[in-house]
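Peer 1: Numbering (full-length UniProt numbering), first residue to last: 1 to 229.
1. With C-beta atoms as the reference, is residue 80 less than 8 Å away from residue 118?
2. Taking only the alpha-carbon atoms, compute the straight-line gap between residue 107 and residue 51 and give it to the nearest angstrom.
3. What's the gap between the Cα of residue 224 and the Cα of residue 199?
4. Have a look at residue 54 and residue 73 and give me their C-alpha separation to the nearest angstrom.
5. How would you label residue 49, buried or exposed, when you count the other beta carbons within 10 angstroms and need 16 or more for buried?
6. Under a Cβ-count criterion, where at least 16 other Cβ atoms within 10 Å of its own Cβ denotes burial, should residue 137 be classed as buried or exposed?
7. Which same chain residues end up closer than 6 Å to residue 168 when comparing Cβ atoms and leaving out the 5 residues on each side of it in sequence?
8. Looking at the secondary structure, which residues open and close the beta strand (DSSP E) in which residue 124 lies?
9. For residue 108, which of helix, strand or coil comes out of DSSP?
10. Can you grab the Cα-Cα spacing for the pair residue 165 / residue 22, in whole Å?
11. Quick one: what does DSSP say residue 137 is sitting in, helix, strand or coil?
12. Which partner residues of residue 175 appear in the DSSP bridge assignment?
13. If you follow the alpha helix (DSSP H) that residue 150 is in, where does it begin and where does it stop?
14. Do residue 162 and residue 182 count as a contact pair if the criterion is CB distance below 8 Å?
15. How would you label residue 89, buried or exposed, when you count the other beta carbons within 10 angstroms and need 16 or more for buried?
16. Please classify residue 118: does DSSP put it in a helix, a strand, or coil?
17. Count the other CB atoms within 10 Å of the CB of residue 210; is the residue buried (16 or more) or exposed (fewer)?
18. Excluding sequence positions up to five away, which residues of its chain have a Cβ less than 6 Å from the Cβ of residue 178?
19. I'd like to check one pair, residue 148 with residue 180: are the Cβ atoms closer than 8 Å?
20. Measure from the alpha carbon of residue 32 to the alpha carbon of each residue in 123, 187, 87, 121, then state which is nearest.
21. Between 121, 116, 159, 155, which has its C-alpha nearest residue 139's C-alpha?
22. Would residue 185 and residue 159 be called neighbours here (beta carbons separated by less than 8 Å)?
So, in structure tokens, the structure goes:
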């Protein structure tokens, strides 16, 4: 019985099977792992993130090389803060996922007035603001982490005014439409609302008819029969 060409290929012992395995790896965002709404301050959020990063680093190293000290170092806190800034950039500015260097932005985009660039650490910074060394990191107007950052600057400046908070905030971060973000933080602050609230002014009652009705002098008088007490 004659075999077909396909059956001959399948029956041949020299034929090698090629198996192709395709895998899609998607790294979850930091916002999906740690919920910023569970933390009331940026400092607590950064410290929790730093402890989580230390745990992951210790899990990948041998027992003798692990960091077991109780206090967090400055580098660990800075790394945790940069992780949150990169997570905000990946969510709000997808253009920041490109390689390092200047980023072309079309007109009409909120970043068009601020020529952004990605530095060596993957942070989106403002290239136009040359007075700040290093340039400030760009942040969107909305977001839970952005609210925590603005609130931290507001409390660090002892509940100061809008311009002072905005100047202190722009030393490290440049929030798109930052004045609106600071105004929103001030309006939500209970201490500022108590300080700027207007005092209660009770309304005066109406005068009695005897004081507003025209009459002759001494038409209504009072006499003290008992004398001074």
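Cβ atoms here follow ideal geometry from the backbone N, Cα and C, with glycine treated the same way.
Peer 2: Here's the rundown:
1. Against the chain shown, residue 80 aligns to sequence position 80. Against the chain shown, residue 118 aligns to sequence position 118. In this structure, residue 118 does not lie closer than 8 Å to residue 80 by Cβ.
2. By one-based count along the chain shown, residue 107 stands at place 107. By one-based count along the chain shown, residue 51 stands at place 51. Since pLDDT at residue 107 reaches only 47, below the 50 mark, its modelled position is unreliable, and the value read off the structure follows with that caveat. For residue 107 and residue 51, the gap between their C-alpha atoms comes out near 41 Å.
3. Residue mapping note: residue 224 aligns to position 224 of the chain shown, counting from 1. Residue mapping note: residue 199 aligns to position 199 of the chain shown, counting from 1. Each residue's alpha carbon lies about 40 Å from the other.
4. Taking the first residue of the chain shown as position 1, residue 54 is located at position 54. Taking the first residue of the chain shown as position 1, residue 73 is located at position 73. Distance between the alpha carbons of residue 54 and residue 73 is about 11 Å.
5. In the chain shown, counting from the first residue as 1, residue 49 sits at position 49. Result: buried.
6. In the chain shown, the residue the question calls residue 137 occupies position 137. Per the 10 Å Cβ criterion, buried.
7. Counted from its first residue, the chain shown places residue 168 at position 168. Hits under 6 Å: 153, 157.
8. Position 124 of the chain shown holds residue 124. Its beta strand (DSSP E) spans residues 124 to 126.
9. Translated into positions along the chain shown, residue 108 becomes position 108. Confidence at residue 108 is low in this model, with a pLDDT of 49, below 50, so its placement is unreliable and the value that follows should be read with caution. In the structure shown, residue 108 sits in coil (DSSP, three-state: anything other than H, G, I, E or B).
10. Residue numbering aside, residue 165 sits at position 165 when the chain shown is read from its first letter. Residue numbering aside, residue 22 sits at position 22 when the chain shown is read from its first letter. Their Cα atoms are separated by approximately 51 Å.
11. As a first step, residue 137 is located in the chain shown; it is residue number 137 there, counting from the start. Residue state, collapsed to three classes: strand.
12. Along the chain shown, read from residue 1 onward, the residue named residue 175 stands at position 175. 139.
13. Along the chain shown, read from residue 1 onward, the residue named residue 150 stands at position 150. If you look at residue 150, you'll find it in the alpha helix (DSSP H) that goes 144 to 156.
14. If you number the chain shown from 1, residue 182 lands on position 182. If you number the chain shown from 1, residue 162 lands on position 162. Yes, the pair counts as a contact, with Cβ atoms nearer than the cut-off.
15. Here residue 89 corresponds to residue number 89 of the chain shown, with the count starting at 1. Here residue 89 is buried: its Cβ has 16 or more other Cβ atoms, across all protein chains shown, within 10 Å.
16. The residue labelled residue 118 in the question sits at position 118 within the chain shown. Residue 118: strand per DSSP, three-state reduction.
17. If you number the chain shown from 1, residue 210 lands on position 210. Exposed, by the Cβ-count rule.
18. The sequence position of residue 178 within the chain shown is 178, counting from 1. Excluding residues within five positions, the ones whose Cβ falls inside 6 Å are 166.
19. Walking along the chain shown from the start, residue 180 turns up at place 180. Walking along the chain shown from the start, residue 148 turns up at place 148. Going by C-beta atoms, residue 180 is not nearer than 8 Å to residue 148.
20. Translated into positions along the chain shown, residue 32 becomes position 32. With distances taken between Cα atoms, residue 32 lies closest to 87.
21. Indexing the chain shown from 1 puts residue 139 at position 139. Selected option, being the one with the closest Cα: 116.
22. On the chain shown, position 185 is the one that residue 185 refers to. On the chain shown, position 159 is the one that residue 159 refers to. Their beta carbons are not under 8 Å apart, which means residue 185 does not touch residue 159 by this criterion.
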